[in-house]
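Each residue of the sequence shown is one higher than the one before, counting from 250 in the numbering used here.
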Amino acid sequence: MKALILAGGKGSRLRDQPDAPPKPLLQVGSKRLMDFSLQNAANAGVAEIVVVVSYFTEGVINHYGSSYRGIPITYKIQNDPRGLVHAIECSAGALGTSDFILMLADEVFLNIDLAAMVRRFHDEQLLAVLGVVEVDDRTQISKTYSVLQDSGTGRLHRLIEKPRRPHNNIMGTGNCVFANGILAYIDVCPVNQTRGEKELPDLIQCAIDDGRPVTTHRVGERYINVNAMDDFRAAFALLEKHADSF
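Here is the structure:
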């Protein structure tokens, strides 16, 4: 099992100074933003970490080097970035035939348990397990994606990118465990006509429509995808309140 961390975000809404560090290197408390994903990957016991970078690549590579806690890091450059699915496609050579845990370099979780997700992935022989969290404020789901699944089997029927009216309080995250076979659906994944790029929920939906088993797993208690200053402040507050958990 490898970890795939997508660190290609430019972070324009977070870089208020011309000389501000790239988004993965933004300081959140005592940590850099990408430190959280690297720490979670290491705790999950992965054999290798693949990091996809697009902007300020030298800064990220020079900061983290060739390993993290003894785990080798391989970097892939996403030239002409066109979204998350394109970033996954850029990593295919580094992933080889390995299954992998997908992560975003701008995610902060409280009490995350990726090891349980990986166990479920193997035990149930799934194509994918999507990490989700329960939220009180359903408007937060419009920042990521929502899921519709069978209440009995837990199998997913539908994913909706940035829903305007979520049907439940389940919020999708960027932390997912994938079998290597998910890569076969990249070519058939449609391009989102509004954004002009292939979307992660659409990629997973292609596999679901093909009859592949996909489910969700409650991966943590709190989740923040840091894309704007409000998210950054929320992440900082979460770290201050639960310092022992990080």
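Even glycine gets a Cβ: it sits at the ideal position worked out from N, Cα and C. Quick caveat, the model's predicted, so the values are computed rather than measured.
Worksheet entry | Assigned secondary structure, Cys425 (DSSP; H/G/I helix, E/B strand, else coil) | Cys425 falls in the strand class under three-state DSSP.
Worksheet entry | Residues of its chain near Ala290, where Cβ-Cβ distance is below 6 Å and the 5 sequence neighbours each way are ignored | Around Ala290: Ala252 and Ile298.
Discussion item. Considering just the uninterrupted stretch of the alpha helix (DSSP H) at His371, what are its terminal residues?
Written reply: If you look at His371, you'll find it in the alpha helix (DSSP H) that goes Leu363 to Asp372.
Discussion item. Beta-carbon within less than 6 Å of Asp348's beta-carbon, same chain only, minus the 5 sequence neighbours each way: which residues are those?
Written reply: Apart from the 5 residues on each side of it in sequence, Asp348 sits with its Cβ closer than 6 Å to the Cβ of Met250, Ala428 and Asn429 in its chain, given in chain order.
Fill in: Buried or exposed by the 16-neighbour rule on C-beta atoms within 10 Å, applied to Arg482
Flag for Arg482 reads exposed.
Fill in: Own chain, CB closer than 6 Å to Ser286, minus 5 neighbours either side, in chain order
These residues qualify, in order along the chain: Ile254, Met352 and Ala354.
Worksheet item: Quick one: Cα of Cys455 to Cα of Val468, how far?
Response: Rounded to whole angstroms, Cys455 to Val468 spans 23 Å at the Cα level.
Worksheet item: In its own chain, which residues sit with a C-beta less than 6 Å from the C-beta of Leu397, not counting the 5 before and 5 after it?
Response: Only His406 and Arg407 meet the Cβ criterion.
Fill in: Where Thr346 falls, given that 16 or more other Cβ within 10 Å makes a residue buried
The Cβ neighbour count for Thr346, taken over all protein chains shown within 10 Å, is under 16; the residue is labelled exposed.
Fill in: Test item: CB-CB of Glu446 and Val309 under 9 Å
No; because the gap between Cβ atoms is not below 9 Å, this pair is not in contact.
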